[in-house]
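K.L.:
Protein chains in written order, with our numbering: chain A, 1166 to 1537; chain B, 1166 to 1537.
There are 2 protein chains.
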Amino acid sequence: MKRAACFVLAASALTTAAFADAALPLYIGGRAVPKIVKVESGSWFSPDTEATTYTYQWPGVYFEAAFTGDRVAVKVDDTENNLYVWIDGVHRLTLTRPGKTTVALKDLGAGRHVVRLEKASETQGTTGRFEGFTVPEKADVLPAPTYTRAIEFIGDSYTVGYGNQSRGQTCTTDDVRDTTDTSRAWGPAVAKHFNAAYRINAFSGRGIVRNYNGIAAGDTLPYLYKFALFDHSVAADDVGWTPDVVIVGLGTNDFSTPLNPGEKWATRDALHADYVRTYADFVKSLRAKYPNAHIVMMAPDNNANETANNMKAAAALAQSEGVADLETVIFTGLDWMACHYHPSLKDEDILSKLVIERLNQLPKFAPAVAAQ
Amino acid sequence: MKRAACFVLAASALTTAAFADAALPLYIGGRAVPKIVKVESGSWFSPDTEATTYTYQWPGVYFEAAFTGDRVAVKVDDTENNLYVWIDGVHRLTLTRPGKTTVALKDLGAGRHVVRLEKASETQGTTGRFEGFTVPEKADVLPAPTYTRAIEFIGDSYTVGYGNQSRGQTCTTDDVRDTTDTSRAWGPAVAKHFNAAYRINAFSGRGIVRNYNGIAAGDTLPYLYKFALFDHSVAADDVGWTPDVVIVGLGTNDFSTPLNPGEKWATRDALHADYVRTYADFVKSLRAKYPNAHIVMMAPDNNANETANNMKAAAALAQSEGVADLETVIFTGLDWMACHYHPSLKDEDILSKLVIERLNQLPKFAPAVAAQ
């Protein structure tokens, strides 16, 4: 009987190490909906435990954690996205629409490591789920990374990085899916330059009052912005998120096509007026939400400056109604060589450099400070 | 003392499960150089073991193994390639120039699984190393997958899949690195259609007698073909490899540029004659190596058919000197929209369908047989 008891002990030790790994505390970059789920231990001698999963849909969402030791496991359930796994700032793995998958990185070497899972692709109609990072032993758990700077990006496809890895403008739906890489868009590049946390609240095809070619009337970006999921089922919970800078780029979809019969604006002038008023109100709501944030409004100089001119009018209106610490940026010189005339990787570089130069002017983002 | 012994047993069981995993026997698709290395157990109570690693350089090399149970680990040491990990025919992970990395897939579900590691990118100046698949327990080891059909592809960049994922013709060196995906080239598509094993013995820029623009004189594909590594340090060991079909596509690089001063051919006619004679000799050497293989010679119809016409002359010469079971295929209708006017993914599809139609004519590859 002593021998039998002994083998049970051995099995228990094995199970603890291999299956009941310790979950790492997270830094979450972006909106994700937590849900506590029961994890069945699968054995009579160890109790069931609880774990938190995170459902995500906005682009560019990332999860980070720190640990010691040479291994970490990443657990996802996502049939639609390309997900990147980074270790210590190096992109090591891509999970290509992996489904329900647990992947473990081993032989990482001793010492502290930071693991990061990042949503690279855009999914407008489906969600994915992150089920946590784990390490073999509780002693390997470290506090999650923290940031002293934070930037929020609000926009459309230009902010998502729509098709940005493409080397051509002609793309199928699958091409767009495969070539959109938010991690290589200008926003994350700016944030990484300043070692800043960031969120990408952007949705391709959406505008301030009018979406691309008039689709999905009313479901504009300022409306979607209120939610964590795009079906409006879960309100956004931005508690604990206080960006130093909010950068908004919206208007291309409002103006890129002629008005169709049946849309709510009788004339182009009426569309312009609605855009200016609504955009100013949206900026005022951002100021109310983030009283100390520096706000940047961006627009391209293409399409005879229709977006740029109306964006500047919206900024002037917001300023006249009390919104301070607000600047506008017009960008130029892009080659638009990615899918459907979107910014190419070369353009992402132009945009990130332009924005970095602007943010360098802010005391908290000044080069000497940011290098710390 | 009984209790103490008991805890040693527990630790030993844990170590065996977590660290001394069982290596899986392999099916290796392509040339790889095995090397037996000592694996230190890192503990006083378990002996050091041996493992075989595989150095690879030719494109499209893949390693496959079968196992039962819900987890498998993949061990690589490769700072240059994009490597794909497939489980049961589904591409689940991409290792992006991962360095020395062990990655484990877990929660795969019970039952038999097939794991596959595949080199997607082309590396001409560096090698990578595969260090094996492992499962936690010896009982989970299954025999490696086997194939009843086998195809060898010999060629240049068109066979490598050079830049094929690009949606444009303008590409930097990094673009080519990032967009070359041999797994999506026409050769692997043809082989997978027939559930055939395959090898890709191809090298971008090489020709029959002359490489692209005359570079690397003498180090042509028929010469490189003799080696497992491109520095000529290790002879190819093709023991056990008996392809049913050998498909050769070479000549684009011989003819795509004007002759430069100092090259060994005084005239274009001399180049043509050397190509025809050397290509016929190469085909004769393939016939000697693989007496029962069906041989296909392929060429595009571009560049005023200079490649196609000379390829046909080489085929006629080989046939006149006794090479039977040989056919030629001229392909047309490509858009050449990938990097530097290479076949696009759309073109890969045209090419694979064309070759599948031809191979359907072979008794062993006839649709009714191939479906088995």
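Backbone N, C-alpha and C define an ideal beta-carbon position, used for all residues, glycine too.
Report yes or no: do three or more beta-carbon pairs, one from the segment 1328-1339 of chain A and one from the segment 1308-1316 of chain A, lie closer than 8 Å?
P.N.:
Too few Cβ pairs lie closer than 8 Å, so no.
K.L.:
Is the Cβ of B:His1278 closer than 7 Å to any Cβ of chain A?
P.N.:
By this cut-off, B:His1278 is not an interface position.
K.L.:
Closest to B:Pro1355 by C-alpha separation, out of B:Val1250, B:Ala1315, B:Lys1454, would be which residue?
P.N.:
The sequence as given places Val at residue 1355 of chain B; Pro does not occur at that position. Nearest option by C-alpha distance: B:Ala1315.
K.L.:
Among A:Ala1473, A:Glu1471, A:Ala1382, which residue has its Cα nearest to the Cα of A:Glu1428?
P.N.:
Closest by alpha carbon: A:Ala1382.
K.L.:
Exposed or buried, which one is A:Thr1443 when buried takes at least 16 other CB atoms within 10 Å?
P.N.:
By the 10 Å Cβ count, A:Thr1443 comes out buried.
K.L.:
Would you grab the beta carbon distance between A:Val1268 and A:Leu1189 for me? Rounded to a whole angstrom, and I think it's under 8 Å.
P.N.:
Their Cβ separation, rounded to whole angstroms, is 15 Å, which puts A:Val1268 and A:Leu1189 out of contact at 8 Å.
K.L.:
Mark B:Ile1445 as exposed unless 16 or more other C-beta atoms lie within 10 angstroms of its C-beta, in which case mark it buried.
P.N.:
With the sequence shown as reference, residue 1445 of chain B is identified as Ala, and Ile is not the correct amino acid for it. Counting Cβ neighbours within 10 Å, B:Ala1445 comes out buried, since at least 16 surround it.
K.L.:
Can you confirm whether A:Arg1332, when its beta carbon is compared against all beta carbons of chain B, has any partner nearer than 7 Å?
P.N.:
Chain B, which has a Cβ nearer than 7 Å to the Cβ of A:Arg1332, makes this yes.
K.L.:
In the DSSP assignment, find the unbroken beta strand (DSSP E) run with B:Lys1391 in it and report its ends.
P.N.:
Element bounds for B:Lys1391: n/a, residue is neither H nor E.
K.L.:
Let me check one thing: in DSSP terms, what residues is B:Val1268 bridge-paired to?
P.N.:
DSSP lists A:Leu1270, B:Val1239 as partners of B:Val1268.
K.L.:
With a Cβ-Cβ cutoff of 7 Å, do A:Phe1538 and A:Phe1530 count as a contact?
P.N.:
This structure leaves residue 1538 of chain A out entirely; chain A is present only between 1166 and 1537.
K.L.:
Using a beta-carbon distance cut-off of less than 7 Å, what residues from the segment 1307-1331 of chain A approach chain B?
P.N.:
Hits within the stretch, in order: Ser1331.
K.L.:
Chain A beta carbons: is any one of them nearer than 7 Å to that of B:Leu1270?
P.N.:
Interface residue, yes.
K.L.:
Taking the C-alpha atoms as reference points, what is the distance between B:Ser1450 and B:Ile1252?
P.N.:
In a straight line, the C-alpha of B:Ser1450 is about 37 Å away from that of B:Ile1252.
K.L.:
Relative to chain B, which residues along the segment 1251-1268 of chain A have a C-beta separation below 9 Å, given in chain order?
P.N.:
Against chain B - using a Cβ distance shorter than 9 Å - the residues of the segment 1251-1268 of chain A are Ile1252, Val1255, His1256, Arg1257, Leu1258, Thr1259, Leu1260, Thr1261, Arg1262, Pro1263, Gly1264, Lys1265, Thr1266, Thr1267, Val1268.
K.L.:
Just the C-alpha distance for A:Ile1521 and B:Phe1228, rounded to the nearest angstrom, thanks.
P.N.:
Roughly 45 Å between the two C-alpha positions.
K.L.:
To the nearest whole angstrom, what separates the beta carbons of B:Asn1425 and B:Arg1375, a pair I think is in contact under 8 Å?
P.N.:
Contact doesn't hold; Cβ gap of about 10 Å is too wide.
K.L.:
For A:Gln1222, which residues from the same chain have a beta carbon less than 7 Å from its beta carbon, with the 5 sequence-adjacent residues on both sides left out?
P.N.:
Counting only Cβ-Cβ distances below 7 Å, and skipping sequence neighbours, we find Thr1288, Thr1292, Leu1394, Phe1395.
K.L.:
Alpha carbon to alpha carbon, how far is B:His1397 from B:Ala1197?
P.N.:
Whole-angstrom Cα-Cα distance: 14 Å.
K.L.:
What are the start and end residues of the beta strand (DSSP E) that includes B:Trp1223?
P.N.:
Premise fails: B:Trp1223 is in no beta strand (DSSP E) and is neither H nor E.
K.L.:
Give a yes or no on contact between the segment 1274-1289 of chain A and the segment 1232-1247 of chain A, applying the rule of three or more CB pairs nearer than 8 Å.
P.N.:
The segment 1274-1289 of chain A is in contact with the segment 1232-1247 of chain A.
K.L.:
In whole angstroms, what is the alpha-carbon distance linking B:Asp1439 and B:Leu1524?
P.N.:
When rounded, the distance between both Cα atoms is 30 Å.
K.L.:
Give the straight-line distance between the Cα atoms of B:Ala1453 and B:Ala1367, rounded to the nearest whole angstrom.
P.N.:
Taking the straight line joining both Cα atoms gives about 20 Å.
K.L.:
Chain B partners of A:Asp1340, CB-CB under 8 Å?
P.N.:
By Cβ distance, chain B contributes Arg1332.
K.L.:
Using the beta-carbon count (16 or more within 10 Å), is B:Phe1210 buried or exposed?
P.N.:
So B:Phe1210 counts as exposed.
K.L.:
Run down chain B in chain order and give the residues with a C-beta less than 7 Å from the C-beta of A:Thr1335.
P.N.:
Arg1332, listed in chain order.
K.L.:
Roughly how many whole angstroms lie between the Cα atoms of A:Thr1335 and B:Val1441?
P.N.:
Their backbone Cα atoms lie some 40 Å apart in a straight line.
K.L.:
How many angstroms separate the CA atom of B:Glu1205 from the CA atom of B:Thr1344?
P.N.:
Distance between the alpha carbons of B:Glu1205 and B:Thr1344 is about 38 Å.
K.L.:
If we ignore side chains and look at the alpha-carbon of each, how far apart do A:Thr1220 and B:Gly1370 end up?
P.N.:
Cα-Cα distance, rounded: 47 Å.
K.L.:
For B:Ser1177, which of helix, strand or coil comes out of DSSP?
P.N.:
Only weak support is given to the placement of B:Ser1177: the predicted model assigns it a pLDDT of 37, under 50, and the value that follows is read from those uncertain coordinates. It is helical.
K.L.:
Return the chain-ordered list of same chain residues with a C-beta closer than 7 Å to the C-beta of B:Asn1430, the five sequence neighbours on each side being excluded.
P.N.:
One point to set straight first is that residue 1430 of chain B is Trp, not Asn, in the sequence displayed. Leu1424, Leu1436, Asp1439.
K.L.:
Who are the Cβ neighbours of B:Lys1265 in its own chain at under 7 Å, not counting the five residues just before and after it?
P.N.:
Here the set comprises Asp1242.
K.L.:
Could you tell me if B:Arg1433 is buried or exposed, where buried requires 16 or more neighbouring beta carbons within 10 angstroms of its beta carbon?
P.N.:
With fewer than 16 Cβ atoms within 10 Å of its Cβ, B:Arg1433 is classed as exposed.
K.L.:
Between which two residues does the alpha helix (DSSP H) containing A:Gly1326 stretch?
P.N.:
Element bounds for A:Gly1326: n/a, residue is neither H nor E.
K.L.:
Would you tell me roughly how many angstroms separate the C-alpha atoms of A:Thr1181 and A:Glu1215, rounded to the nearest one?
P.N.:
Low per-residue confidence applies at A:Thr1181: pLDDT is 38, beneath 50, and the placement is therefore not dependable, though the value from the model is reported in the following sentence. Approximately 15 Å, taken between the alpha carbons.
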